[in-house]
Amino acid sequence: MLVSSPSIILEDICRRFDWRELFGNDQPIELDLGAGDGGFALAYAKQHPEINLLAVERLLGRVRKIEKRAARAGLVNLRVLRLEFGYTVRYLLPPESVSIAHILFPDPWPKRRHWPRRLIQPDFVRDLAATLKRDGELRFTTDHVHYFETAQQAIRDAAVLKPASEWNWAADPKTDFQQTFEAEGRATFRARWVKS
């Protein structure tokens with residue numbers, strides 16, 4: 000693995016991350032799965048210098064945008080990976096090493112025939128839970144009520160996380176999607192689960 004801060008270039012796609020090698024310290028690890036244009040990741044990393052944040056995004060243009068903005072801002076606690084989320088979680092993240100996983104406004108795949116493509120499925124939840132520390136958290140936010148309901152069911156079906164009260168999200172940075180949805184008057188749905 001090569002780290003050209005903030006980018007991660009994988010030399011071996013089967014080797015799990017060594018967080019100390021990746022960040023150079025032992026600060027708590029958080030994930031932004033589906034970082035989009037990086038609005039949340041960049042602001043959150045700046046707001047929380049006491050944590051290390053791995054932003055994962057599939058689209059090259061978005062990744063490059065995050066890299067440039069992170070480098071300009073001098074964010075040493077943010078790394079960016081261009082890879083599929085499920086693979087990253089299942090094969091690259093060390094077990095019991097993540098404090099918080101943020102999934103913010105993932106693609107809701109609204110057409111019924113596309114529902115199997117939704118990120119939050121029982122197998123994915125089990126893989127993600129395996130990476131969480133004891134009392135580690137999954138924080139999920141969406142504007143799509145059906146996805147919110149099916150995600151909750153998928154997490155219940157996975158039977159590895161327990162529901163928890165909402166986190167204090169008011170101080171969290173807003174994604175571009177969230178700003179757009181709020182401007183349109185659309186509702187936002189949030190939930191949090193913890194690993195016990």
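Counting with numbering that gives the first Met the number 0, you get residues 0 to 195 for the letters of the sequence shown. Think of the CB as a built atom: it goes at the ideal place given N, C-alpha and C, for glycine as much as any other residue. If you're wondering where the values come from, they're calculated on a predicted model, not measured in any experiment.
- Residue state for residue 132 is assigned as strand, using DSSP reduced to three classes.
- With respect to the 8 Å criterion, residue 45 and residue 98 are not classified as neighbours on the basis of their beta carbons.
- A residue is called buried when at least 16 other Cβ atoms come within 10 angstroms of its Cβ; residue 162 does not meet this threshold and is exposed.
- With at least 16 other beta carbons inside 10 angstroms of its own, residue 101 counts as buried.
- 8 Å or more divides the Cβ of residue 174 from the Cβ of residue 84.
- Taken through DSSP and simplified to helix, strand or coil, residue 14 comes out as coil.
- Comparing alpha-carbon positions, the option among 86, 136, 172 lying closest to residue 27 turns out to be 136.
- Residue 62 and residue 12 have their C-alpha atoms some 18 Å from each other.
- In the structure shown, residue 52 falls within a strand segment according to DSSP collapsed to helix, strand and coil.
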